[in-house]
Structure formats: structure tokens, C-alpha cells
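Following: one structure in C-alpha cells, then a few remarks.
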Amino acid sequence: MGLRRSRGFTMVELIVIMIIVGILAVSAMPSMSGSMAFRSAAFRDEAIAALRYAQKTATSHRRVVCATLTQKSLALSIDNSSPKDGLCDVALPVPGVAAGQLSAQQDGFGSAPSPAVMFFQPDGRMTSDAAGGTVADFDNAVDGGSVVVRGATGYVGDGS
247 MGLRRSRGFT MVELIVIMII VGILAVSAMP SMSGSMAFRS AAFRDEAIAA LRYAQKTATS
307 HRRVVCATLT QKSLALSIDN SSPKDGLCDV ALPVPGVAAG QLSAQQDGFG SAPSPAVMFF
367 QPDGRMTSDA AGGTVADFDN AVDGGSVVVR GATGYVGDGS
């Protein structure tokens with residue numbers, strides 16, 4: 247009778263495979279933890295884009311657009327009444343966001359945003375009141391940078 251071929255892996259082969267998988271896992275973990283920084287940067291970029299959209303919509307529609315901020319979200323609304331009363335009564339969907347409201351996965355804004363409601367006026371300025379009397383600047387830290395709005399010009403950008 248001839249030699250029988252056995253099927254399966256030997257114990258040595260299994261141990262070598264486990265060691266290789268362990269080495270790969272240890273080397274891949276640091277790159278996976280870096281994805282949190284990408285999420286924070288994504289929230290910052292999406293918040294900047296949404297605020298720019300609010301400012302552009304206010305000037306193009308000649309209506310007041312409100313950006314309501316919390317530490318973890320941003321929602322837009324527009325004054326849709328005639329005559330204009332400065333009250334943002336209709337939700338304005340945030341482009342590219344299915345829920346219509348931008349929500350942070352992790353950290354969001356570094357601290358409670360102030361002002362908590364930004365009023366983008368039809369002339370492009372950003373104010374802290376619906377009547378447009380008080381021009382306000384906004385500067386809030388988000389992981390890896392900041393979101394900046396200059397009230398007098400309506401400039402929206404990254405402050406880092």
C-alpha cells in the first residue's frame with residue numbers, strides 16, 4: 247500500500263498564518279483610527295458648504311435665510327412669506343444631505359456655536375438678528391480647523 251495523503255493544515259501552518267494575521271492587524275490599526283479625523287474634516291467641509299449655500303440662496307432669492315446651529319447639527323430655513331417678515335418659516339434642505347439637516351458623526355463644533363442662529367440677509371451680510379441690524383462674525387473650532395463667517399461681507403470659509 248502507498249502513502250495516504252492527509253487533508254487539511256498542519257499545526258505549524260496554522261500557527262504561522264495566525265502570526266501573519268496578527269502582524270497585519272497591528273500594522274493596519276493606526277491607519278483605521280485616522281478615519282475619525284476624516285469624519286471631522288468632512289463635517290467641517292459640509293458645514294462650510296451648507297453655510298455658503300445659505301448665503302448664496304439669500305442673495306439669489308432676496309430672502310432672509312436662517313442657519314440654526316447646535317453643537318452637533320446645522321439646519322437651514324428660509325423666509326417664504328410675502329411680504330417678507332424675516333421669520334424663517336420654511337425648511338431649506340442642505341444639498342447632498344438626505345435628512346435635510348447636517349449632523350456630526352463625532353465631535354461637531356468644538357463648543358456651543360455663538361450665535362446659535364445666523365441670519366443671512368438678501369444683501370449677503372450675516373447678522374445675529376432677523377431685522378439685519380446687528381452684523382456678527384462667527385468663528386468656531388471644528389477638529390482640525392475652524393468654520394469662519396464674516397458678517398459684514400458674508401464670507402464663509404475655513405479659518406485654519
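Quick note on the numbering used here: the sequence shown kicks off at 247 and runs consecutively.
The C-beta atom is built at its ideal place from N, Cα and C for all residues, glycine as well.
All values derive from a computational prediction rather than experimental measurement.
Pick out whichever of Ala321, Leu320, Ser319, Val336 has its Cα sitting closest to the Cα of Ser327. Translated into positions along the sequence shown, residue 327 becomes position 81. Closest option to Ser327, Cα to Cα, is Val336.
Pick from Ala287, Ile261, Val363: whose alpha carbon is nearest that of Leu322? Start at 1 with the first residue of the sequence shown, and residue 322 comes out as number 76. Cα-wise, what sits closest to Leu322 is Val363.
Just to confirm, are Gly400 and Phe355 a CB contact at a threshold of 8 angstroms? If you number the sequence shown from 1, residue 400 lands on position 154. If you number the sequence shown from 1, residue 355 lands on position 109. Taking 8 angstroms as the Cβ cut-off, Gly400 and Phe355 do not qualify as a contacting pair.
Where do the ends of the beta strand (DSSP E) carrying Val388 lie? Within the sequence shown, numbered from 1, the residue matching residue 388 stands at position 142. 384-388 is the span of the beta strand (DSSP E), which, as asked, contains Val388.
In three-state terms, what does DSSP make of Arg298? Sequence index remark: in the sequence shown, residue 298 carries index 52 (1-based). Helix at Arg298.
The beta strand (DSSP E) spanning Val402 covers which residue range? Stepping through the sequence shown from its first residue, residue 402 is reached at position 156. First-last of the beta strand (DSSP E) with Val402: 401-404.
Close-in-space but distant-in-sequence residues of the same chain around Val394 (CB under 6 angstroms, 5 per side omitted): In the sequence shown, residue 394 corresponds to position 148, counting from 1. Taken in chain order, the residues that qualify are Asp385, Gly403, Gly405.
How big is the Cα-Cα spacing for Asp375 and Leu338? Here residue 375 refers to the residue found at position 129 when the sequence shown is read from its first residue. Here residue 338 refers to the residue found at position 92 when the sequence shown is read from its first residue. Each residue's alpha carbon lies about 19 angstroms from the other.
Between which two residues does the beta strand (DSSP E) containing Val394 stretch? The residue labelled residue 394 in the question sits at position 148 within the sequence shown. From DSSP, the beta strand (DSSP E) with Val394 extends over 391-396.
Assuming Ala293 and Leu320 form a contact by the criterion Cβ under 8 angstroms, report the distance between their Cβ atoms to the nearest whole angstrom. Here residue 293 is taken as the residue at index 47 of the sequence shown, counted from 1. Here residue 320 is taken as the residue at index 74 of the sequence shown, counted from 1. The C-beta distance from Ala293 to Leu320 rounds to 6 angstroms, short enough to fall under 8 angstroms.
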